[in-house]
């Protein structure tokens, strides 16, 4: 959301219960038309009901049948690198728009015809205790997937060895930021972006069907 306008709806992928760790995001989300309308309408109504309507807002909802239920409203830009996904998919600079709004300057949220059309990110999450054997090889292999824009691992190779200062192994995590890396992909359609986004994540981010929707 920006002001009282829903710029784009994002699909959030979650891992298994009971912790539901975030495993990825897709821009744009592609729910059926009635559900898409319900998501946007509920987000706009929530922002108005709270007396907001200036600058960025991040609204999360869940679908209950065709009804959209608001779970949270935040007066900030979305996290999880979502503004970057929106920039790739729609050509809209949400960070720049927020800065311009703060400076009292006009904001243009028009999508660019030259944008990719869709973008996805997947987070590298370990299901069991694991170590990274060859981070460099993984990072260089991911861009070979068609459409992958970048991939990054922020853990180094090898198990932890007491007193040696070497990195600890990846463990099943309860928070996305404790994962091992990311993979991002763009494409002309949501289906293409989502499919290769998952491949860019190396298959480690085992996302279920989107269950949280976020107009941003």
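Numbering (our numbering), first residue to last: 228 to 443. Yeah, the Cβ is synthetic: ideal placement off N, Cα and C, and Gly gets one too.
Taking 8 Å as the limit between beta carbons, can you name the residues of its chain near residue i, skipping five residues before and five after?
i, result
"residue 316", "235, 254, 255, 342, 343, 344, 345, 346, 413, 420"
"residue 293", "261, 262, 265"
"residue 297", "269, 270, 273, 286, 287, 288"
"residue 249", "239, 240, 241, 242, 307, 350, 403"
Count the other CB atoms, across all protein chains shown, that sit within 10 Å of the CB of residue i; report buried if there are 16 or more and exposed otherwise.
i, result
"residue 330", "exposed"
"residue 240", "buried"
"residue 299", "exposed"
"residue 269", "buried"
"residue 242", "buried"
"residue 440", "buried"
"residue 229", "buried"
"residue 322", "exposed"
"residue 371", "exposed"
"residue 359", "buried"
"residue 340", "exposed"
"residue 277", "exposed"
"residue 312", "buried"
Over the uninterrupted beta strand (DSSP E) stretch that includes residue i, give me the two end residues.
i, result
"residue 268", "Counting along the chain, residue 268 falls outside any beta strand (DSSP E), though it belongs to the alpha helix (DSSP H) covering 260-276."
"residue 293", "That residue, residue 293, is in no beta strand (DSSP E); it is neither H nor E in DSSP."
"residue 241", "236-241"
"residue 248", "From DSSP, residue 248 is part of no beta strand (DSSP E); its letter is neither H nor E."
Beta carbon of residue i: closer than 7 Å to some heavy atom of the ligand GTP?
i, result
"residue 286", "The ligand GTP is absent from the structure shown, which contains no ligand whatsoever."
Whose C-beta lies closer than 6 Å to the C-beta of residue i among residues of the same chain, with five residues either side of it excluded?
i, result
"residue 374", "412, 413, 414, 423"
"residue 334", "324, 327, 328"
"residue 307", "252"
"residue 377", "411"
"residue 295", "265, 266, 269, 288"
"residue 436", "Bear in mind that the predicted position of residue 436 carries a pLDDT of just 46, short of 50, making it too unreliable to give a figure here."
Got a sec, what are the start and stop residues for the alpha helix (DSSP H) residue i sits in?
i, result
"residue 311", "309-317"
Within the same chain, show all residues whose beta-carbon is closer than 7 Å to that of residue i, passing over the 5 residues directly before and after it, in chain order.
i, result
"residue 267", "233, 236, 442"
"residue 279", "302"
"residue 271", "231, 233"
"residue 310", "304, 321, 322"
Could I get the ranges of all uninterrupted alpha helix (DSSP H) runs contained in the stretch 322-375, with 4 residues as the minimum, in chain order? 362-368
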